[in-house]
Amino acid sequence: MTPIYQTSTFVQESPGKHKGYEYARTHNPTRTALQKALAALENGKHGICYASGLAATDAVLKLYRPGDEIIATNDIYGGTYRIMKRIYEPFGLVFHFVDMSDITNIKNVISDKTKLIWIETPTNPLLRIIDIEAITDLCKITGIHCAVDNTFASPYLQNPLDLGADIVMHSVTKYLGGHSDTVMGALITSDDELAKQLAFIQNASGAVPGPQDCFLVLRGIKTLHVRMQRHCENAMKVALWLENHPKVAKVYYPGLKSHNGHELASRQMKDFGGMLAFELKGDVYDEAVTMMENLEIFSLGESLGGVESLCTHPASMTHASIPKEERAKVGLKDTLIRLSVGIEDVEDLILDLEQAIG
Ligand SMILES: Cc1ncc(COP(=O)(O)O)c(C=O)c1O
Numbered sequence: 076m077t078p079i080y081q082t083s084t085f086v087q088e089s090p091g092k093h094k095g096y097e098y099a100r101t102h103n104p105t106r107t108a109l110q111k112a113l114a115a116l117e118n119g120k121h122g123i124c125y126a127s128g129l130a131a132t133d134a135v136l137k138l139y140r141p142g143d144e145i146i147a148t149n150d151i152y153g154g155t156y157r158i159m160k161r162i163y164e165p166f167g168l169v170f171h172f173v174d175m176s177d178i179t180n181i182k183n184v185i186s187d188k189t190k191l192i193w194i195e196t197p198t199n200p201l202l203r204i205i206d207i208e209a210i211t212d213l214c215k216i217t218g219i220h221c222a223v224d225n226t227f228a229s230p231y232l233q234n235p236l237d238l239g240a241d242i243v244m245h246s247v248t249k250y251l252g253g254h255s256d257t258v259m260g261a262l263i264t265s266d267d268e269l270a271k272q273l274a275f276i277q278n279a280s281g282a283v284p285g286p287q288d289c290f291l292v293l294r295g296i297k298t299l300h301v302r303m304q305r306h307c308e309n310a311m312k313v314a315l316w317l318e319n320h321p322k323v324a325k326v327y328y329p330g331l332k333s334h335n336g337h338e339l340a341s342r343q344m345k346d347f348g349g350m351l352a353f354e355l356k357g358d359v360y361d362e363a364v365t366m367m368e369n370l371e372i373f374s375l376g377e378s379l380g381g382v383e384s385l386c387t388h389p390a391s392m393t394h395a396s397i398p399k400e401e402r403a404k405v406g407l408k409d410t411l412i413r414l415s416v417g418i419e420d421v422e423d424l425i426l427d428l429e430q431a432i433g
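The sequence shown begins at 76 in my numbering and counts up one residue at a time.
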C-alpha cells in the first residue's frame, strides 16, 4: 500500500540536492500517487489535487484575467455559482450563465473575450444532460478552454477529456472518495501548459490536501467501479418506483425514458449514475419537509456520492447560495428533493421512501 508520508518537509543531502521532494505543499509522495491514479482514471496525462472541489475550481478561475469572459451552465452546484459571482466577478471576470441544453444559448453570448466554457453534466440538482462533444467542437474552432465538472458522473461513467474537454474537475469528496470521510478536489488535463499553470497555482496558492486524505481516496477509488455499478442499479430502481408513485409529480433521472436528456445520456455516459431528484404532487413546502424528516435509512444532509444514501434539500442546503429568483429561473423549486442513492439493499431504500412519503 502507498505509505502515508505524514511529513511537512524532506531531508536534503546538500543545499538544493534532494530526491524530488522538498516541501509538502509543493509535492508529497502520497499525493503524487493519487494524482497519477486520478489522471489514469480520466485518461489524462496530469492530475492535480486540491484541498476541496471548490479549491480546484478556484485554481481554474485563477487562469483568467479581468475582462475575460466565462460561460457557465445555469443549473450548477451552488458553491460554483457563488465563487464565480461573489469572488471572481468583483475581480473583473465576466460570467454568463446559460441553459446549455441548447447550444444556441452559448453561441448567443460567445465573443472574442470568451476564454472558458464551464460545463456541469449531469447538472446539480436538476440532472440535465449537456452535450460535451458539441460544446468542445465549438471551443476548438474558437480557441476557448472547456472545463467539465464531472463530479456527478465520476470517471467510471464519463470521461470528458475523451470528448475533447481541456480540463476535468472533480469534487473528490463525492464518488471518488466514496465514503463521506474526506473533502478534496482534483483537476485532470492532458495539456502540458495548462498542467504547468495549474500545478503552479496549487503550490503558489497552497490549497493542497494532506497525505492522510490522499491515502483515503487511493483506497476509495479501488472500489469505484463496483460502487458505481450498484449506485446506478439502485438509482434506476428507485427512480422507476418514484415515477409510478401516485404522490410523486416529477422525477429527474437521466435513466428514465421520460427524461429529455435520456438519449444523450445513453450515448455520453456508460450508465446513468446514482443521483436523482423529485417533486411531490401539490408542490407544498411543508409536505416536502415532513417527507424528508420522516426518512430513516436516507440520512438528511449535504453532499453525495458516499456508500450511504443521502437526502438533500437543495433550496436550503447545497443551492442556498443562489438567490431564490435565480433558482426559480432555472426551474429549481423550493420543494425539490435530491437523493444520492447509496449501495444499500434497494428494497430497504424503497421501503424507507414509501413510509416517508406516506
Ligand atoms: C457538482 C459539484 N461540483 C463541485 C462541488 C464542490 O466540491 P467540494 O464540496 O469538494 O468543495 C460540489 C459539492 O457539492 C458539487 O456537487
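Backbone N, C-alpha and C fix where the C-beta goes; we use that ideal spot for every residue, glycine too.
- Using 10 angstroms around the beta-carbon of R203, count the other beta-carbons present and answer buried if the total reaches 16, otherwise exposed. By 1-based counting over the sequence shown, the position of residue 203 is 128. Classification for R203: buried.
- Message: ligand 1 and K248: does any heavy atom of the ligand fall closer than 6 Å to the residue's C-beta?
- Response: Position 173 of the sequence shown holds residue 248. Checking the sequence shown, residue 248 turns out to be Thr, not Lys. Yes - ligand 1 has a heavy atom lying nearer than 6 Å to the Cβ of T248.
- How should S83 be labelled, buried or exposed, when 16 other C-beta atoms within 10 angstroms of its C-beta is the threshold for buried? Start at 1 with the first residue of the sequence shown, and residue 83 comes out as number 8. Burial call: exposed.
- Taking 8 Å as the threshold, find out whether the segment 134 to 152 comes into contact with the segment 162 to 171 through three or more Cβ pairs. The segment 134 to 152 makes contact with the segment 162 to 171, as at least three CB pairs between them are under 8 Å.
- Item | Residue interval of the beta strand (DSSP E) (run including Y68) | Outside the shown range of the chain, which is 76 to 433, sits residue 68, and nothing can be said about it.
- Is the segment 314 to 322 close to the segment 175 to 187, with three or more CB pairs under 8 Å? No contact exists between the segment 314 to 322 and the segment 175 to 187.
- Query: What does K92 pair with, by DSSP beta-bridge criteria?
  - Reply: Taking the sequence shown and counting its residues from 1, the one referred to as residue 92 is at position 17. Answer is S89, bridged to K92.
- Item | Cβ separation of V416 and A310, assumed to be a contact under 8 Å, to the nearest whole Å | Reading the sequence shown from its first residue, position 341 is the one you call residue 416. Reading the sequence shown from its first residue, position 235 is the one you call residue 310. Contact holds; Cβ gap of about 4 Å.
- Query: What are the partner residues of H220, as DSSP defines its beta bridges?
  - Reply: Counted from its first residue, the sequence shown places residue 220 at position 145. According to DSSP, which records beta bridges pairwise, H220 is partnered with L191.
- Query: Which runs of the alpha helix (DSSP H), 4 residues or longer, sit entirely within the segment 329 to 367?
  - Reply: Runs found: 337 to 343.
- Can you tell me which of S374, T410 and K188 puts its alpha carbon nearest to the alpha carbon of P389? The residue you call residue 389 lines up with position 314 of the sequence shown. That would be T410, whose Cα lies nearest to the Cα of P389.
- Task: Compute the distance between the beta-carbons of L385 and S374, then report whether it is under 7 Å.
- Result: If you number the sequence shown from 1, residue 385 lands on position 310. If you number the sequence shown from 1, residue 374 lands on position 299. Contact flag set, yes.
- Query: Can the beta-carbon of D150 be found less than 7 Å from the beta-carbon of V323?
  - Reply: Numbered from its first residue, the sequence shown carries residue 150 at position 75. Numbered from its first residue, the sequence shown carries residue 323 at position 248. Their beta carbons are not under 7 Å apart, which means D150 does not touch V323 by this criterion.
- Looking at V247 and A261, is the spacing between their C-beta atoms short of 7 Å? The residue labelled residue 261 in the question sits at position 186 within the sequence shown. The residue labelled residue 247 in the question sits at position 172 within the sequence shown. For A261 and V247, yes; Cβs fall inside 7 Å.
- Task: Would you decide whether M303 is buried or exposed? Buried here means 16 or more other CB atoms lie within 10 Å of its CB.
- Result: The sequence position of residue 303 within the sequence shown is 228, counting from 1. That one is buried.
- Message: Between R106 and P286, how many whole angstroms is the CB-CB distance? I'm expecting something under 8 Å.
- Response: Residue mapping note: residue 106 aligns to position 31 of the sequence shown, counting from 1. Residue mapping note: residue 286 aligns to position 211 of the sequence shown, counting from 1. Rounded, the Cβ-Cβ distance is 7 Å, consistent with contact.
- Going by the C-beta, is D224 closer than 6 Å to any heavy atom of ligand 1? For the purposes of this step, residue 224 is taken as the residue at position 149 of the sequence shown. Yes; taking the cut-off as 6 Å, the Cβ of D224 has a heavy atom of ligand 1 nearer than that.
- Item | Secondary structure of L299, DSSP reduced to three states | Locating residue 299 in the sequence shown gives position 224, counting from the first residue. The three-state reading of DSSP puts L299 in helix, counting H, G and I together.
- Query: Given 8 Å as the limit, is there contact between the segment 230 to 242 and the segment 202 to 217, that is, 3 or more CB pairs closer than that?
  - Reply: Verdict: yes, contact present.
- Message: Looking only at its chain, what residues have a beta carbon closer than 8 Å to the beta carbon of E97, apart from the 5 residues adjacent to it on each side?
- Response: On the sequence shown, position 22 is the one that residue 97 refers to. Closer than 8 Å at Cβ, skipping near neighbours: T84, F85 and Q87.
- Counting only the same chain and skipping the five closest in sequence on each side, list residues whose C-beta sits under 8 Å from that of T155. As a first step, residue 155 is located in the sequence shown; it is residue number 80 there, counting from the start. Excluding sequence neighbours, T155 sits near L129, T132, A147, W193, E195 and D224.
- Message: Assuming contact is defined by CB atoms lying nearer than 7 Å, are T226 and K190 in contact in what I supplied?
- Response: Looking up residue 226 in the sequence shown gives position 151. Looking up residue 190 in the sequence shown gives position 115. Taking 7 Å as the Cβ cut-off, T226 and K190 do not qualify as a contacting pair.
- Task: Report yes if the C-beta of S374 is less than 6 Å from at least one heavy atom of ligand 1; otherwise report no.
- Result: Locating residue 374 in the sequence shown gives position 299, counting from the first residue. When distances are taken from the beta-carbon of S374 to the heavy atoms of ligand 1, even the shortest one reaches 6 Å or more.
- Message: Let me make sure I understand the geometry here. Which of H394, L428 and D346 has the alpha-carbon closest to that of M367?
- Response: Within the sequence shown, the letter at position 292 stands for residue 367. When each option's Cα is compared against that of M367, the closest is L428.
- Out of Y152, P284, G218 and V292, point me to the one whose CA is closest to T77's CA. Here residue 77 is taken as the residue at index 2 of the sequence shown, counted from 1. For T77, the closest C-alpha among the options Y152, P284, G218 and V292 is that of V292.
- Task: Starting from the Cα of D423, find the closest Cα among H337, I372, L201 and L407 and give me that residue.
- Result: Walking along the sequence shown from the start, residue 423 turns up at place 348. The option with the nearest alpha carbon to D423 is I372.
- When the Cα of T264 is compared with those of N335, L116, F290 and N369, which residue comes out closest? The count along the sequence shown starts at 1 and reaches residue 264 at position 189. Ranked by Cα distance from T264, the first of N335, L116, F290 and N369 is L116.
- Would you check if the distance between the CB atom of G253 and the CB atom of G295 is smaller than 7 Å? The sequence position of residue 253 within the sequence shown is 178, counting from 1. The sequence position of residue 295 within the sequence shown is 220, counting from 1. Closer than 7 Å, so yes.
- Message: With a threshold of 6 Å on Cβ separation, who are the neighbours of R413 within its own chain once the five nearest residues in sequence on each side are excluded?
- Response: Sequence index remark: in the sequence shown, residue 413 carries index 338 (1-based). Once the five neighbours on either side are set aside, the close Cβ partners of R413 are P200, A352, T387 and P389.
- Task: Check the DSSP bridge columns for R413 and list the partner residues they point to.
- Result: As a first step, residue 413 must be located in the sequence shown, where it is residue number 338. In the DSSP secondary-structure assignment, R413 is bridged to A352 and T387.
- Item | Any non-hydrogen atom of ligand 1 within 6 Å of L129 CB | Indexing the sequence shown from 1 puts residue 129 at position 54. For ligand 1, at least one heavy atom lies less than 6 Å from the Cβ of L129.
- Applying the criterion that 16 or more other CB atoms from any shown protein chain within 10 Å of the CB defines a buried residue, is S89 buried or exposed? Start at 1 with the first residue of the sequence shown, and residue 89 comes out as number 14. Residue environment: S89 is assigned as exposed (fewer than 16 neighbouring CB atoms within 10 Å of its CB, all protein chains considered).
- Message: Looking at the strands, I want to know which residues DSSP matches up with E144.
- Response: If you number the sequence shown from 1, residue 144 lands on position 69. Paired residues: V169 and T189.
- Residue closest to T198, alpha-carbon to alpha-carbon, out of F290, I276, Y327 and N118: In the sequence shown, counting from the first residue as 1, residue 198 sits at position 123. Each of F290, I276, Y327 and N118 was checked against the Cα of T198, and the nearest Cα belongs to Y327.
- By a C-beta neighbour count over all protein chains shown, 10 Å radius and 16 as the cutoff for buried, is D346 buried or exposed? If you number the sequence shown from 1, residue 346 lands on position 271. Classification for D346: buried.
- Task: Note down the Cα distance separating L109 from A134, rounded to an integer number of angstroms.
- Result: Taking the first residue of the sequence shown as 1, we reach residue 109 at position 34. Taking the first residue of the sequence shown as 1, we reach residue 134 at position 59. Approximately 18 Å between the Cα atoms of the pair.
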